[in-house]
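Asker: According to the numbering used here, the sequence shown is numbered sequentially starting from -18. Attaching a single structure in structure tokens format; questions to follow.
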Amino acid sequence: MFSPLESASAEEFEAAVRRLEGLDQQLEEISGWELSIDMDAETEWKAGLVATFVDEDTMERYVVHPVHAEIAQGIGKVAKIARFAAQI
-18 MFSPLESASA EEFEAAVRRL EGLDQQLEEI SGWELSIDMD AETEWKAGLV
32 ATFVDEDTME RYVVHPVHAE IAQGIGKVAK IARFAAQI
């Protein structure tokens, strides 16, 4: 789950998170992908992501993949992340 940092505008936050859209079509490591963005949500959490991988090795390749790493770095500048969890 993602929440905008106070220093980021809503537009900056949404643009950064929207870069995740379609990532599952670009990276073969991803088995399942659900991205939800609701800028009108009544909670501080405006976006959520559930990604599925076939095994831990595949997930680790995804985490360090240059395309994902670039997007994650951009999101880190405008959002806080509620948590990261994996079930293998």
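Think of the CB as a built atom: it goes at the ideal place given N, C-alpha and C, for glycine as much as any other residue.
Sort out for me which residues DSSP pairs A(-4) with in a bridge.
Answerer: Paired residue(s): none; A(-4) is not in a bridge.
Asker: Within 10 angstroms of the Cβ of A(-3), are there 16 or more other Cβ atoms? Answer buried if so, exposed if not.
Answerer: buried
Asker: Kindly list the residues whose CB is nearer than 7 Å to the CB of M20, restricted to its own chain and excluding five residues on each side of it in sequence; keep chain order.
Answerer: A(-9), E(-5), K27
Asker: Give me, in chain order, the residues of the same chain whose beta-carbon lies closer than 6 Å to that of L30; leave out the 5 immediate sequence neighbours on both sides.
Answerer: L16
Asker: Helix, strand or coil: how does DSSP classify G57 here?
Answerer: Helix.
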